[in-house]
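In the numbering used here, the protein residues as written are 51 to 179.
Here is the structure we will look at, set down as structure tokens.
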């Protein structure tokens with residue numbers, strides 16, 4: 051049997067979308083229960099910062115998809131996507147816990163340094179970009 055040309059192959063990009071779907075369903079359920087008076091979870095003043103976590107979920111879903119497609123190997127692309135998710139995670143945590151940006155800003159330098167390290171430490175025998 052011949053393989054379908056790339057334009058006719060089914061799009062199997064659904065594997066990482068389940069994470070985003072679960073996050074959206076959970077947030078929607080929390081809002082619904084809050085509106086119905088069943089649940090009182092908005093004791094966190096900056097609850098809206100939870101939406102920033104969607105960026106983290108997307109980046110980590112991408113990292114997982116790359117990890118799976120590369121034969122379950124941790125590649126620079128996997129670590130890059132994972133570390134990329136740390137930026138929105140840090141921002142969300144700063145807002146959620148009302149942390150002082152003046153004290154916390156070095157975390158972004160640390161994350162950037164981790165990103166550079168992840169990029170420069172490729173697999174042995176492969177040149178890094």
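Glycine included, each C-beta is placed from N, C-alpha and C at the ideal position.
Inter-residue Cα distance where the pair is residue i and residue j
i           : j           : result
residue 68  : residue 150 : 34 Å
residue 81  : residue 127 : 35 Å
residue 78  : residue 123 : 34 Å
residue 96  : residue 102 : 11 Å
residue 162 : residue 117 : 21 Å
9 Å Cβ cutoff met for residue i and residue j
i           : j           : result
residue 144 : residue 133 : no
residue 156 : residue 104 : no
Simplified DSSP assignment, three categories, for residue i
i           : result
residue 145 : helix
residue 120 : coil
residue 88  : coil
residue 155 : coil
Pick from the options that is closest to residue i, judged by C-alpha positions
i           : options           : result
residue 131 : 113, 85, 99, 140  : 113
residue 166 : 73, 129, 74       : 129
residue 136 : 107, 88, 121, 125 : 107
Cβ neighbours of residue i in the same chain (closer than 7 Å, five flanking residues each side left out)
i          : result
residue 99 : 142, 145, 146
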